[in-house]
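What follows is one structure encoded as structure tokens, with my remarks underneath.
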Amino acid sequence: MADVSSDDPVGAQLREVESWFIKRGVPHFVETENEGILDAPTRALPILVPAYLLLGLNALDLQGLTLAENLATAAVVIVLLIATWAIRNRVRGLPTFARPTDIDRPELALFVVGPAVPVLMFGQLTDAVRTMLQATLLLAIIYGWSSYGLGPLTRWAARRTGDQFAALISLVGRALPLLLLFNTFLFINAEVWEVAGNLTGIAFVIIVGTFFLLGAIFALSRVPGFIRSVSEFDSMAAIEADLVGTPAADLPLPGEGEATVSRLRFRQKVNIALLVLFGQALQITLVVIALTAFFVGFGLLAISLATTSRWMGIDDVHVLWETSLTGRDLVLSEPLLRVSIFLGMFSGMYFTVLLTTDPTYRDEFSADVGPTIRQALAVRLAYRTVLCARGELDTPARRFPWQRRRSS
-17 MADVSSDDPV GAQLREVESW FIKRGVPHFV ETENEGILDA PTRALPILVP
33 AYLLLGLNAL DLQGLTLAEN LATAAVVIVL LIATWAIRNR VRGLPTFARP
83 TDIDRPELAL FVVGPAVPVL MFGQLTDAVR TMLQATLLLA IIYGWSSYGL
133 GPLTRWAARR TGDQFAALIS LVGRALPLLL LFNTFLFINA EVWEVAGNLT
183 GIAFVIIVGT FFLLGAIFAL SRVPGFIRSV SEFDSMAAIE ADLVGTPAAD
233 LPLPGEGEAT VSRLRFRQKV NIALLVLFGQ ALQITLVVIA LTAFFVGFGL
283 LAISLATTSR WMGIDDVHVL WETSLTGRDL VLSEPLLRVS IFLGMFSGMY
333 FTVLLTTDPT YRDEFSADVG PTIRQALAVR LAYRTVLCAR GELDTPARRF
383 PWQRRRSS
């Protein structure tokens, strides 16, 4: 991490730039050691603590254990958390119950092992192993979420969706009539209900996941070309303009004859790809939810339980909820939910293809997201220039295209 002592104002400014990267959803642009508040597990502390407590309370067995045993289980989970928190703070010279400045291996080990300790106390080895596996999986998800700055990306994507709302509505308006006509025909088709309505468990997840995967692959295929188109700077003056309003505005830039550009590492490329895709992903998700809700509502009003049973070729249909409206029974069945999700995800895949190929929307999206990416890359350039000058970074660099043309 950059030195942030009071007698090192440049180090403090670098720290501001690193925090700016995190808030902009590109934490992997931070080139120095990720410690303290820049560390992904440390930034995930507000999520890790509730998750740990929920995993620990999952060990409670209201049916098989007495009240005293359940209270003892909860106490062990909480005491382990408080003890680890306090001891680690004292070792680091911090107040006992201050917020930790760094989440390291002992804390992460506690997150995995701690919730399983009370289960082992009652001799339930299988449950303890399952609890540790659940904790490991949850920790991996939380780490990925925090490491790639998905929280800031989600907030940024929500704001961008509002900014692009008019373009999105225009595109939906062009796509929706044909999409609804086609999918409504499928919705009242007995063969679709016989296939999708009978899909259960892992088979249903795989089929629905295939629609998501195909859409994601198509969207990802357009990302490299888009990034190349918005990441080319024409001059150093253009870079200086992109730095205005950022913590790197006062940082020095390389001279015209110096090598200035370094290739993005894989994780940095993933960060940029997420920045490009998150806005579109949120918009597609909204369309999928809206269409799925439409099919559920249409099915409640138009598809009776007898029709569902006849289309699926079964006598016993699992009903999730039912009511009546003006004498007509409205039934939310499990097959109705499956078919609606199936068609909603299929519509999402179709809309993804349309979203990435429509020239009008693509131009507006490029004009909206492009400056954000260019600004992040410009800040990275200034940030890396200072790190190299301080001897904290030694990475091969190359010249910009206009510099190579001048030198030749």
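Per the working numbering, the sequence shown starts with residue -17, numbered consecutively.
Even glycine gets a Cβ: it sits at the ideal position worked out from N, Cα and C.
Predicted model, so just to flag it, every value in this text is computed and none were measured.
Query: State whether the segment 344 to 352 contacts the segment 311 to 324, with contact taken as three or more CB pairs (one from each stretch) at a distance under 8 Å.; Result: no
Query: Please look up how many angstroms separate the CB atoms of Val368 and Leu268, rounded, as I've assumed it's under 8 Å.; Result: At roughly 41 Å, the Cβ-Cβ gap does not stay under 8 Å, so Val368 and Leu268 are not in contact.
Query: Which residue comes first and which comes last in the alpha helix (DSSP H) that contains Val187?; Result: Gly183 to Ser203
Query: Under 6 Å from any heavy atom of the ligand PLP, does the C-beta of Glu173 make it?; Result: Among the ligands in the structure shown, none appear at all, so the ligand PLP cannot be discussed.
Query: List the whole-angstrom C-beta distance separating Tyr34 from Leu63, where the pair is believed to meet the contact cut-off of C-beta under 8 Å.; Result: 6 Å
Query: In the DSSP assignment, what are the bridge partners of Thr305?; Result: Leu312
Query: Measure the Cβ-Cβ separation of Thr338 and Ala201 and say whether it is below 7 Å.; Result: yes
Query: What is the rounded straight-line gap between the Cα of Ser1 and the Cα of Leu196?; Result: 35 Å
Query: Could you spell out where the alpha helix (DSSP H) holding Arg357 opens and where it closes?; Result: Sequence inspection shows Gln at residue 357; the Arg mentioned does not correspond to that position. Per DSSP, Gln357 belongs to the alpha helix (DSSP H) from Pro341 to Ala371.
Query: Grab the span of the alpha helix (DSSP H) containing Phe277 for me, first residue to last.; Result: Phe248 to Ala284
Query: For Glu374, which three-state DSSP category applies?; Result: coil
Query: What do you get for Pro341, buried or exposed, if any count of 16 or more other CB atoms within 10 angstroms of its CB means buried?; Result: exposed
Query: Taking the straight line between their C-alpha atoms, what separation do you get for Gly183 and Arg70?; Result: 44 Å
Query: Between which two residues does the alpha helix (DSSP H) carrying Asn52 extend?; Result: Leu49 to Val73
Query: Going straight from the alpha carbon of Val(-8) to that of Val12, what length do you get?; Result: 15 Å
Query: Let me confirm a value: Gly261 is counted as buried when at least 16 other C-beta atoms fall within 10 Å, else exposed. Which label applies?; Result: buried
Query: Are at least three pairs of beta-carbons, each pair with one atom in the segment 276 to 287 and one in the segment 308 to 316, less than 8 Å apart?; Result: yes
Query: For Gly155, count neighbouring C-beta atoms within 10 Å of its own C-beta (all shown protein chains included) and say buried if the count is 16 or more, exposed if not.; Result: exposed
Query: Might you give, ordered along the chain, the residues of its own chain that have their beta carbon closer than 8 Å to the beta carbon of Ile266, omitting 5 neighbours on each side?; Result: Gly197, Gly330, Phe333, Thr334 and Leu337
Query: Quick one: is His10 buried, meaning 16 or more other Cβ sit within 10 Å of its Cβ, or exposed?; Result: buried
Query: By the three-class DSSP mapping on this structure, what secondary structure does Ile151 have?; Result: helix
Query: Do you know whose CA, among Ala358, Val177, Thr83 and Arg372, lies nearest Gly227's CA?; Result: Ala358
Query: Please classify Asn40: does DSSP put it in a helix, a strand, or coil?; Result: coil
Query: Below 7 Å between beta carbons: does that hold for Ala255 and Val205?; Result: yes
Query: If you run the structure through DSSP and keep just helix, strand and coil, what is Ser217?; Result: coil
Query: Closest to Asn253 by C-alpha separation, out of Ile29, Pro88, Trp67 and Gly133, would be which residue?; Result: Gly133
Query: Distance, Cα to Cα, Pro32 vs Gly96?; Result: 13 Å
Query: Taking one C-beta from the segment 284 to 299 and one from the segment 160 to 177 each time, how about it: are there three or more such pairs within less than 8 Å?; Result: yes
Query: Do Ala391 and Ser128 have their C-beta atoms within less than 7 Å of each other?; Result: In the structure as shown, the chain starts at -17 and stops at 390, and residue 391 therefore has no counterpart that could be examined.
Query: For the alpha helix (DSSP H) that contains Leu125, what are its first and last residues?; Result: Sequence inspection shows Tyr at residue 125; the Leu mentioned does not correspond to that position. Start and end: Leu107 to Ser129.
Query: Among the residues of its own chain, which have a CB less than 8 Å from the CB of Leu76, if the five just before and after it don't count?; Result: Pro82 and Thr83
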